[in-house]
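S.K.:
In the working numbering, the protein residues as written are 98 to 289.
Structure below.
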């Protein structure tokens, strides 16, 4: 009696495992691509068809297409080769502000049979913003007796790129070195 019950339990577990395996195979896969902001129109993000394991013949036969979760279509799909292309220049600071991450979600839709795939495009920040101060000029009175190498306090500059990088660093809790793309200079004018 007990052996028969154990067999039934084992059979049910095997059926559940089989159902789970079949459903797992047919559930949405997730693709994630990473690109820098400001890519020119027509730049290749990745090959969706290849990454989903589709043949080139399936692209048109199964009506492969994408839909944006946001209002604007930042990307398009090349139906000849399955490449995901940049449709419009993407400015990360405009799109995501000072958020640590900037993800653009997409849906890839394939028919016969109908399947949906979730795609995320991670927009990485580039150093495209110069630091700016609250005021264009700052007058500092320096005495003639001031020694060479003396330091003077300046107000901090605001840089949208650095703020994004710092937010990302804080969210990831790891240490990175901040390297500005170009050196920033300050001109000191001495007037008598």
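Cβ atoms here follow ideal geometry from the backbone N, Cα and C, with glycine treated the same way. Note that the structure is a prediction, hence the values are computed from the model and not measured.
Within 10 Å of its beta-carbon, does residue 203 have 16 or more other beta-carbons around it, so buried, or fewer, so exposed?
M.R.: Burial call: buried.
S.K.: Nearest-angstrom Cα distance between residue 130 and residue 186?
M.R.: Their backbone Cα atoms lie some 16 Å apart in a straight line.
S.K.: To the nearest angstrom, how far is it from the Cα of residue 234 to the Cα of residue 189?
M.R.: 29 Å
S.K.: In whole angstroms, give me the CA-to-CA distance for residue 194 and residue 156.
M.R.: 36 Å
S.K.: Is residue 247 helix, strand or coil when you go by DSSP?
M.R.: coil
S.K.: Are the beta-carbon atoms belonging to residue 205 and residue 161 less than 8 Å from one another?
M.R.: It is a contact, given that the beta carbons lie within the stated cut-off.
S.K.: Using 8 Å for Cβ pairs, my map puts residue 351 next to residue 139. What's the rounded Cβ distance?
M.R.: What the structure shows of the chain is the stretch from 98 to 289, and residue 351 is not part of that stretch, so it cannot be assessed.
S.K.: Using CA coordinates, which residue listed in 133, 147 and 251 is at the minimum distance from residue 231?
M.R.: Nearest of 133, 147 and 251 to residue 231, Cα basis: 251.
S.K.: Given residue 159, which residues of its chain have a CB within under 8 Å of its CB, disregarding the five upstream and five downstream residues?
M.R.: 151, 207, 208 and 209
S.K.: Would you report the Cα separation of residue 142 and residue 253, rounded to the nearest angstrom?
M.R.: In a straight line, the C-alpha of residue 142 is about 37 Å away from that of residue 253.
S.K.: Is the separation between the beta-carbon of residue 222 and that of residue 198 shorter than 8 Å?
M.R.: no
S.K.: Residue 163 and residue 174: beta carbons closer than 8 Å?
M.R.: In this structure, residue 174 lies closer than 8 Å to residue 163 by Cβ.
S.K.: Could you check what DSSP says for residue 118 in three-state terms: helix, strand or coil?
M.R.: In this prediction, residue 118 has a pLDDT of 49, which is less than 50 and means its spatial position is unreliable; what the coordinates show is noted afterwards. Three-state result, residue 118: helix.
S.K.: Roughly how many angstroms separate the alpha carbons of residue 171 and residue 237, rounded to a whole number?
M.R.: 48 Å
S.K.: With H, G and I counted as helix, E and B as strand and the rest as coil, what does DSSP make of residue 131?
M.R.: Three-state result, residue 131: strand.
S.K.: Can you look up residue 157 in the DSSP assignment and give me helix, strand or coil?
M.R.: helix
S.K.: For residue 132, does the count of other Cβ atoms within 10 angstroms reach 16, so buried, or fall short, so exposed?
M.R.: buried
S.K.: Whole alpha helix (DSSP H) runs in the stretch 159-212 with 4 or more residues, listed along the chain?
M.R.: 189-193
S.K.: Which word fits residue 128, buried or exposed, when buried means at least 16 other C-beta atoms lie within 10 angstroms of its C-beta?
M.R.: buried
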